[in-house]
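In the UniProt record's numbering, the protein residues as written are 1 to 386. Glycine included, each C-beta is placed from N, C-alpha and C at the ideal position. For clarity, every value in this text was computed on a predicted model and none was experimentally measured.
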Ligand SMILES: [Zn+2]
């Protein structure tokens, strides 16, 4: 993943550090913790952190300091934060909130400070932190109810977990562990239940894309039944209703549409039972409407628009291919969605292209294949029942 890519972990910035108290009142616990940290050198601070409660303001202060100063992580702050994750949540907020921020700080700073973090000065810190992945997953899933509220706090937690997962994904062996039930449940849940317009939603979506769509990494492959595992964890009607809610939302950012569409396109291609459910639940109607909205805004970079056209054509193709009644699906798409409008736009682009038509015939996004389906008897295999 290139460093300037929007989902690159180094782009997780101070966004997570928004619950500190900025006041300097002598009695404020956050101010007291700040003073205490200022009196300690990083080694001493990390020794105290190891004995500190995960919910104490001091833990938050070390988590914040670790984002800017490499000495904390090199003194073992990551191990101390991971140790705190093994505690239990007692009140109405998760005990893992501050330690998780500490771990994200450490990852963020390592990726920010080096182009080759696995070979650099922090190689051991990185290796050690990543190796504690099971501790992280166990801590988060033990109190799953903290991830269920449908409000901003729930969105924040789901996306923080997504952001942390993105760092662990870089290690092939750890990525393989993400195909185990506990991790898959976490990944799918955080994506599915986060509000369309939550500004950090891209973390939750990008983890899903990395695990489901871009599944190969450095030669490692997911278990062959990984999609069956995913679909065991989610009820199809709920999935369809969340997808419709997502694509219907006018607040879904343009830049997110392409990431979300990618998931639907991939699943219709890769998982046979998916397409009929998608058609039946009218998901294509909302997907096409979201894409049309994005195209009308006309502000996306050229290659992204190119990609979107390609995705639409592949989606239509998948829906035909997976259906026992091609003509029925085609008629439904023509009648109920903006497919024809988008396809006509693709054809116009083909017409304007300086490339020979022969080069474009099979390339998704120019819709030659889509229009040829209408006249090609091979695809009109069963009579239309509409
Ligand atoms: Zn205060």
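- Between residue 110 and residue 128, the C-beta gap is not smaller than 8 Å, which leaves the two residues out of contact.
- Under the rule that a run must span 4 or more residues, the alpha helix (DSSP H) segments found entirely inside the segment 232-295 read 236-248, 254-270, 274-280.
- Collapsing the DSSP output to three states places residue 183 in a helix.
- Classified as buried, residue 339 has 16 or more neighbouring CB atoms from the shown chains inside 10 Å of its CB.
- Distances between the C-beta of residue 190 and the heavy atoms of ligand 1 are all 7 Å or more.
- Here residue 285 really is in contact with residue 336; their C-beta atoms are around 5 Å apart, less than 8 Å.
- Distance from the C-beta of residue 208 to the nearest heavy atom of ligand 1 is not below 7 Å.
- Sequence-distant partners of residue 291 (beyond 5 residues in either direction) whose C-beta falls short of 7 Å from its own C-beta, in its chain, are 257, 261, 308, 312, 342.
- Residues whose Cβ lies closer than 6 Å to any heavy atom of ligand 1, listed in chain order: 21, 23, 25, 28, 30, 31.
- Annotated three-state conformation of residue 131 is helix, per DSSP.
- Nearest neighbour of residue 118 by Cα position, chosen from 185, 172, 36, 361, turns out to be 172.
- Take residue 320, set aside five residues on each side of it, and the residues of its chain with a beta-carbon closer than 7 Å to its own are 326, 329, 330, 373, 379, in chain order.
- Taking C-beta separations shorter than 8 Å and ignoring five residues to either side along the sequence, the partners of residue 193 in its chain run 147, 148, 150, 154, 158, 242, following chain order.
- Per the coordinates, the alpha-carbon of residue 273 lies some 10 Å from the alpha-carbon of residue 228.
- By alpha-carbon distance to residue 102, the top candidate from 83, 310, 212, 88 is 83.
- Judged by DSSP secondary structure, residue 340 falls within the alpha helix (DSSP H) whose first and last residues are 339-352.
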